[in-house]
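I have placed the structure first, in the form of structure tokens, so that the comments after it can refer back to it.
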Amino acid sequence: MSMKQQFTRRQSARRLGITLLELVIAGSMLAVVATSISVVMRTCRTVWETNDNEYGTLRQAHAVTTHFVRQARECVRVNSISTSGDSISLSLRDGGTLTWRWAATEPSGLSNCVLVRFSNQASESPVAANISNLLFTGYEADGVTTTKTPEDIRLIKIAVTVAIPTQVGGSGVVVSNVWVRTW
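For what it's worth, the numbering used here labels the leading residue of the sequence shown as 40, then goes sequentially.
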């Protein structure tokens, strides 16, 4: 055996494990990776929760408009729309009255809520809370001319505004239209 081969064999025989320096470097690298992953995961969770809250808020606004449209399709005529446009009263086919209104506060403690009352109910029922604004607009048969005269209203536009703090405007608006079927 040559001298070079013996030296190489002895050197490799001594290097069977890892050194303390290599162990410290590997541990440090692992700590950096774990810290980075935890920061990314925390950020992802925050973004997900924000997105989920915004989606829930907008779904609530959509639910209010859908609920109103379904009930308004059954009405015979509009009894009244308030001058501010935040409440409406509809006559139903069975002779009952349906009233929708927005209230900043409600007796049970809810704030910014939409309330509905059927003529056979003693009190109003909350439909949704945390609604920034509710606006009803009446239109004549042409669908373009606005009117506050109940006899002339053939189309009702409902606009539901909800607060979305992460958006630039700070709010989201869901709009829907419904024709009064019986003229």
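Built from N, CA and C at the ideal position, the CB exists for glycine as well.
It should be emphasised that the depicted structure is a prediction, and the values quoted were computed from it without experimental measurement.
Query	Result
For L194, which of S77, A65, G182 and R156 has the nearest alpha-carbon?	G182
Please tell me whether T136 and S128 are closer than 8 Å, where the distance is taken between their beta carbons.	yes
Taking the Cβ atom as the reference point for each residue, do P165 and S119 lie within a distance shorter than 8 Å?	no
What are the residues that DSSP puts in a beta bridge with G177?	I195
Classify C83 as buried or exposed, calling it buried when 16 or more other Cβ atoms lie within 10 Å of its own Cβ.	exposed
Checking 8 Å against the spacing of the C-beta atoms, do I192 and T184 come in under that value?	no
DSSP beta-bridge partners for W218?	L194
Nearest by alpha-carbon distance to V212: which of Q99, E113, C152 and Y178 is it?	Q99
If I measure Cβ to Cβ from S150 and keep anything under 8 Å in the same chain, skipping five residues before and after, which residues do I get?	A143, T144, A168 and N169
Please state the DSSP three-state secondary structure of L154.	strand
How long is the line joining the alpha carbons of G148 and S162, rounded to whole angstroms?	15 Å
Here's the rule: buried if 16 or more other CB atoms are within 10 angstroms of the residue's CB, otherwise exposed. What is T58?	exposed
So if DSSP puts T136 in a beta bridge, which residue, or which two residues, is it bridged to?	S130
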